[in-house]
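Participant: Sequence lines, in order, name chains A and B.
The letter at position 78 of the first sequence is residue 81 when you use my numbering, and the numbering goes up by one with no holes.
The letter at position 20 of the second sequence is residue 437 when you use my numbering, and the numbering goes up by one with no holes.
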Amino acid sequence: NAGVTQTPKFQVLKTGQSMTLQCAQDMNHNSMYWYRQDPGMGLRLIYYSASEGTTDKGEVPNGYNVSRLNKREFSLRLESAAPSQTSVYFCASSVSLGGTGNEQFFGPGTRLTVL
Amino acid sequence: DQQVKQNSPSLSVQEGRISILNCDYTNSMFDYFLWYKKYPAEGPTFLISISSIKDKNEDGRFTVFLNKSAKHLSLHIVPSQPGDSAVYFCAASALRGAGSYQLTFGKGTKLSVIP
């Protein structure tokens with residue numbers, strides 16, 4: 004039981020390049036999330052997916068797109084990377100949104116640098 | 418506008434003593450509160466949570482207290498152990514109608530437990 008896995012662990016991009024961060028969970032969770040964490044900041048929600056087939060914007064969605072490919076997988080895409088997107092990205096999953104089902108399990112993170 | 422505030426960036430405590438981490442929030446719509454622990458280069462791990470209808474929740478050495486009138490919660494760790502040294506994030510969620518969802522993290526408090 005791997006929990007939440009993320010690939011890649013590290014990535015360096017040049018400004019304007021695109022890439023997709025992959026996330027998968029094997030806990031049969033309904034809800035999945037993408038966060039970014041910057042130095043001195045808490046985690047900020049980029050996008051979330053309440054259940055398979057739905058996605059919604061979080062606090063900082065600009066410059067990102069997401070795809071909930073199936074119940075297990077939730078990807079984050081940067082279409083045209085900018086230096087302001089240099090950050091550590093975390094994927095998480097939970098049984099459901101809100102309440103007692105909202106305890107989220109996090110992946111190990113992807114450290115992204117945009118030059 | 419920070420809706421979840423952890424005003425102490427760091428805290429040092431002697432091993433065996435009590436650690437008290439504080440969190441304040443401004444949004445009265447928050448109805449569920451969570452604490453996460455994060456070690457360097459790892460994803461956050463869920464620690465303990467509390468619903469807004471309760472004022473205390475206990476799990477082993479960890480107790481969370483909620484004071485709704487003051488919009489304040491605290492995490493108590495007794496006794497503190499060196500392995501508790503980590504960054505602790507307070508988070509608050511609100512699940513509104515039509516699946517609208519908000520989850521906000523504080524900026525974290527770095528706890529150092531001194532042997």
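Every residue, glycine too, gets a C-beta built ideally from N, C-alpha and C.
Computed from a prediction, not measured in an experiment: that's the story for all the values here.
By the three-class DSSP mapping on this structure, what secondary structure does K59 of chain A have?
Facilitator: The residue you asked about is not Lys; residue 59 of chain A is Asp in the sequence shown. The answer is strand: DSSP assigns D59 of chain A an E or B state.
Participant: Please specify which runs of the beta strand (DSSP E), each continuous and at least 3 residues long, are wholly inside the segment 33 to 117 of chain A, giving them in chain order.
Facilitator: Entirely contained in the segment 33 to 117 of chain A, the beta strand (DSSP E) runs reaching 3 residues are, in chain order, 34 to 40, 46 to 52, 67 to 71, 77 to 81, 90 to 97 and 113 to 117.
Participant: When we look at the beta-carbon of G525 of chain B and count the other beta-carbons within 10 Å, is it buried (16 or more) or exposed?
Facilitator: Burial call: buried.
Participant: Per DSSP, I465 of chain B is paired with what?
Facilitator: Partner(s): B:W452.
Participant: Would a C-beta distance cut-off of 9 Å place V7 of chain A and C94 of chain A closer than the cut-off?
Facilitator: Taking 9 Å as the Cβ cut-off, V7 of chain A and C94 of chain A qualify as a contacting pair.
Participant: Is D501 of chain B helix, strand or coil by DSSP?
Facilitator: DSSP places D501 of chain B in helix when its eight states are reduced to three.
Participant: Helix, strand or coil, according to DSSP, for Q28 of chain A in the structure here?
Facilitator: Here Q28 of chain A sits in strand by DSSP.
Participant: Going by other Cβ atoms of all chains shown within 10 Å of its Cβ, with 16 needed for buried, is G523 of chain B buried or exposed?
Facilitator: Per the 10 Å Cβ criterion, buried.
Participant: Taking a contact to mean a Cβ-Cβ separation below 9 Å, would you say A84 of chain A touches M22 of chain A in this structure?
Facilitator: Going by C-beta atoms, A84 of chain A is nearer than 9 Å to M22 of chain A.
Participant: Reducing DSSP to helix, strand and coil, say where A509 of chain B ends up.
Facilitator: In the structure shown, A509 of chain B sits in a strand (DSSP, three-state: E or B).
Participant: S427 of chain B to L528 of chain B, Cα distance in whole Å?
Facilitator: Spanning the two alpha carbons is a distance of roughly 6 Å.
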